[in-house]
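To keep things clear, I will list the structure first and then write my remarks on it.
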Amino acid sequence: MNAPLIWILTPFLSGFLILFFLHRRFSPLIGGAISMALALTALIFPIDTALLLGSISIKISSSVQFFGRSFSLNTADGPLIAIIYGLAALWFFGTEASGSANRFVSLGLMIVALLTASIAVEPFLFAALLLVMAAMLVIPLLVPLYQKPGKGAIRFLIYQTIAMPFILFSGWMLAGVEASPGDLGSTIQAGTILGLGFAFLLGIFPLYNWIPMLMEEASPYVTGFLLWALPTFTAIFALGFLDRYTWLRTSPQLSYTIQFAGVIMVVSGGLFASQQKHIGRIMGYAAIVETGLFVLALGLGSLEVVNITFLLLIPRGLELAVWALALSIIKRKAYTLRFNEVQGLARSYPIAVGALILAHLSMTGFPLLAGFPPRLALWQELARQSLATAFWVFVGLLGLLIAALRTMAVFVMAKENKSWEWNESWVQAAMLGVGVIGLFILGMFPQVLQPFIINLPALFEHLGQ
Amino acid sequence: MFIDITPWIAVGLILITSTAILGNLDWRISLGALAVQYVAAFWLVTRHLPFVMGSAKLITGWMVVAALGMTCLGLSTAEEYKKGESALPRGRLFQLVLIFIVAMGTAGATPRIESAIPGLGYPVIAGSLLLIGLGAVHLGLTSDTLNVILGLLTILTGFEVLYAAIESSILVTGLLAATNLGMGITGSYLLIAGTMPAEMEDEL
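For the protein sequence lines, the chains are A and B, in the order given.
Sequential numbering of the first sequence, starting at 13, is according to our numbering.
Sequential numbering of the second sequence, starting at 201, is according to our numbering.
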């Protein structure tokens with residue numbers, strides 16, 4: 013058996029088969045089960061290690077050759093794959109409850125497979141091509157056939173496509189910089205091109221305008237999945253760059269620039285969120301703030317870069333899944349998701365509204381919720397380096413908190429004689445309940461993540477070792 | 201002498217086809233120009249890549265043109281497909297000024313890039329920069345779906361011409377071909393989107 017065949021080819025082919033041969037009713041269950049099985053396999057069977065099952069010896073080899081290059085998943089990748097497919101399973105199981113498009117599970121599996129390939133491909137630089145292919149697969153999910161493509165989807169496609177040439181070319185230039193590190197001109201050029209590539213890919217200020225647009229024009233569940241999957245793998249890709257090139261890791265100017273970009277994202281995202289009157293756009297800005305926190309973690313320049321980045325990654329998946337599912341349920345009642353339409357819905361959809369508010373509060377870093385431990389760890393590191401940066405992050409998160417309070421106020425502004433109802437289905441309530449319990453568990457017992465993230469620094473040869 | 205001139209013919213073709221794509225409102229002429237543009241790019245790419253790999257890029261490009269062409273044809277039989285109007289200035293003079301600026305920028309940057317990365321060749325750099333520049337101009341001037349896809353394909357082709365000179369991996373060539381094809385299919389999908397009723401979506 014071969015790791016890339018199991019965790020790349022199998023989900024890709026499964027997605028393909030589900031797309032063409034499976035009835036839409038069964039696709040969330042089958043897709044979720046496949047994803048969960050892949051996560052459990054990654055947890056149970058270590059890659060490149062022989063296991064004895066009775067008289068049978070099983071070993072999952074780590075790499076496969078493809079067109080003269082290798083796709084390799086090593087022992088250290090195991091927990092990461094388990095996290096990715098585990099979170100993907102959560103998204104797929106929630107599809108039925110969210111009422112998302114037929115193709116979500118099948119294309120979602122193919123997207124996750126391509127993104128997994130992006131962490132397996134060697135040289136790692138070629139991941140940029142796989143990321144853009146994954147971005148293209150997202151388009152049919154964002155734009156249903158009966159709907160004209162909006163500006164958000166078009167901008168998303170443009171930015172993700174433009175990022176790829178920048179990153180591929182910068183990778184080639186960085187090799188030259190390594191050969192002659194004293195050449196300041198080449199260093200600046202390579203750094204600028206790389207920065208532009210990641211700015212397009214991650215949606216660094218001001219290139220994130222497509223996110224709130226998409227939250228208005230596309231399904232919140234699909235957009236939430238996109239906002240979880242792509243930045244997660246892009247952050248891992250960025251860690252690969254920092255690990256591979258010494259001067260990127262050690263340059264204080266670059267670290268300062270990355271942190272500056274992160275602060276701008278957190279502050280602008282938080283402040284814009286606090287001004288919105290559309291609960292979908294608020295989620296979009298919250299995702300921008302979260303990406304800003306990733307960027308800040310990448311610019312830390314300390315040994316904690318990997319730990320904090322992965323600590324942020326896991327709750328993000330859960331928070332966005334709960335938030336997006338709650339929004340999808342609310343959208344069936346209030347299609348525009350504007351404040352004037354969702355006013356008083358807390359009495360009609362108490363579980364969805366409660367889950368939405370808790371996910372929102374978790375993203376602001378509210379104590380006892382999943383977002384709190386990683387933000388605390390990041391804050392601690394930032395405060396050691398610069399109190400001003402830590403303060404501005406506080407301002408950004410305060411903006412998100414204001415947005416959460418405004419949203420909550422609108423939801424509970426029901427007419428006095430309005431009675432309490434429960435309009436969520438059992439499946440929806442169960443999915444939201446599981447998600448909310450997860451938010452509390454990750455918030456109160458963050459050590460449950462320890463077995464997953466303890467070996468992740470081994471993914472990177474130089475970072476955090 | 202002949203050998204020196206031929207790649208410049210490709211650069212000239214690139215300038216003409218990119219201008220045609222930028223200025224034309226008829227999808228047939230735009231896609232025809234794109235097909236010719238792929239021939240010119242093939243010409244430049246094969247200066248650094250083997251003929252077979254260059255051919256793969258050419259065939260992929262033509263497949264993209266075919267996919268987009270069939271989609272537009274299908275749409276135009278149902279209702280005449282017209283490129284959307286843009287709020288930005290679209291006058292011929294304005295477009296000519298932009299093309300002139302890109303051409304001047306290319307002329308200025310080509311020798312500098314050649315001195316920074318020796319061995320690429322002036323025509324390859326010039327052709328690539330023209331494609332990237334005019335593709336970016338195209339993206340900046342329009343929000344129409346077909347034009348956006350044409351702009352992105354032009355930028356990708358320009359990048360491929362330059363990248364072929366520094367990276368000859370089969371995997372990269374394959375992935376770039378898949379990206380181009382994916383862009384064509386995505387473009388076709390986006391063109392079709394909005395023309396089908398919601399019930400059709402359920403059936404699909």
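Glycine included, C-beta positions come from ideal geometry on N, C-alpha and C.
Secondary structure of residue i, DSSP reduced to three states
i	result
Arg387/A	helix
Ala273/A	helix
His338/B	helix
Arg261/A	helix
Ile214/B	helix
Asn380/B	helix
Ser286/A	helix
Glu7/A	The structure shown does not extend to residue 7/A, since chain A is modelled only from 13 to 477, so the question has no answer here.
Arg292/B	helix
Asn14/A	strand
Met201/B	Its pLDDT being 48, under 50, Met201/B is placed unreliably in this model, and the coordinates cannot settle the point.
Arg36/A	coil
Arg328/A	helix
Arg115/A	coil
Ile216/A	coil
Ile59/A	strand
His248/B	coil
Val159/A	Checking the displayed sequence, the identity of residue 159/A turns out to be Gln instead of Val. Of the three classes helix, strand and coil, the one that applies to Gln159/A here is coil, per DSSP.
Ala303/B	helix
Ile20/A	helix
Extent of the continuous beta strand (DSSP E) to which residue i belongs
i	result
Phe78/A	75 to 78
Phe83/A	81 to 84
Leu63/A	63 to 65
Residue of the options minimising C-alpha distance to residue i
i	options	result
Val144/A	Ala100/A, Phe351/A, Ile179/A, Ala371/A	Ile179/A
Leu157/A	Ser328/B, Ala378/B, Ser218/B, Ser388/B	Ser388/B
Ala367/A	Leu417/A, Ala191/A, Ile449/A	Ile449/A
Thr246/A	Phe322/A, Thr204/A, Gly194/A	Phe322/A
Met13/A	Ala45/A, Leu34/A, Ala54/A	Ala54/A
Val337/B	Ser218/B, Leu268/B, Ser369/B	Ser218/B
Ile325/B	Val245/B, Gln295/B, Ala220/B, Gln237/B	Val245/B
Ser130/A	Glu302/A, Ala147/A, Ser47/A	Ala147/A
Leu331/B	Ala303/B, Pro207/B, Thr354/B	Thr354/B
Asn319/A	Ile466/A, Met420/A, Trp404/A	Ile466/A
Gly382/B	Leu142/A, Leu154/A, Ala230/A	Leu142/A
Phe384/A	Glu316/A, Tyr361/A, Phe457/A	Phe457/A
Val265/B	Met253/B, Gly333/B, Leu275/B, Val236/B	Val236/B
Unbroken alpha helix (DSSP H) run spanning residue i, endpoints
i	result
Leu412/A	399 to 424
Leu52/A	39 to 56
Ile170/A	163 to 191
Ile466/A	That residue, Ile466/A, is in no alpha helix (DSSP H); it is neither H nor E in DSSP.
Ile355/B	345 to 364
Ser69/A	No alpha helix (DSSP H) contains Ser69/A, which is instead part of the beta strand (DSSP E) from 68 to 70.
Tyr238/B	227 to 245
Arg256/A	232 to 256
Arg506/A	Because chain A is modelled from 13 through 477, residue 506/A falls outside the range shown and cannot be assessed.
Leu475/A	No alpha helix (DSSP H) contains Leu475/A, which DSSP labels as neither H nor E.
Trp479/A	Lying before the first or after the last residue shown, residue 479/A is absent from chain A, which here runs from 13 to 477.
Leu380/A	That residue, Leu380/A, is in no alpha helix (DSSP H); it is neither H nor E in DSSP.
Thr107/A	107 to 110
Pair within 7 angstroms by beta-carbon distance, residue i and residue j
i	j	result
Val211/B	Pro318/B	no
Leu371/B	Arg81/A	yes
Arg359/A	Trp432/A	yes
Ser220/A	Ile151/A	Looking at the sequence itself, residue 220/A is Tyr, so the reference to Ser does not match. Contact flag unset, no.
Trp391/A	Ala402/A	yes
Met375/A	Ala285/A	no
Gly236/A	Ser118/A	no
Gly408/A	Val278/A	yes
Ile72/A	Ala15/A	yes
Leu186/A	Ala202/A	yes
Ala416/A	His372/A	yes
Pro2/A	Phe359/B	A query on residue 2/A cannot be resolved here, the shown segment of chain A reaching from 13 to 477 and no further.
Phe104/A	Pro40/A	yes
Pro91/A	Phe472/A	no
Leu99/A	Gly43/A	no
Ala364/A	Glu302/A	no
Gly411/A	Gly282/A	yes
Ala132/A	Ser84/A	yes
The ligand ZN heavy atom lying under 6 angstroms from the CB of residue i
i	result
Val133/A	This structure simply doesn't include the ligand ZN, nor any ligand for that matter.
Can you list the alpha helix (DSSP H) stretches of 4 or more residues lying completely in the segment 312 to 366 of chain A, in chain order? Qualifying alpha helix (DSSP H) stretches, in chain order: 317 to 345, 351 to 354.
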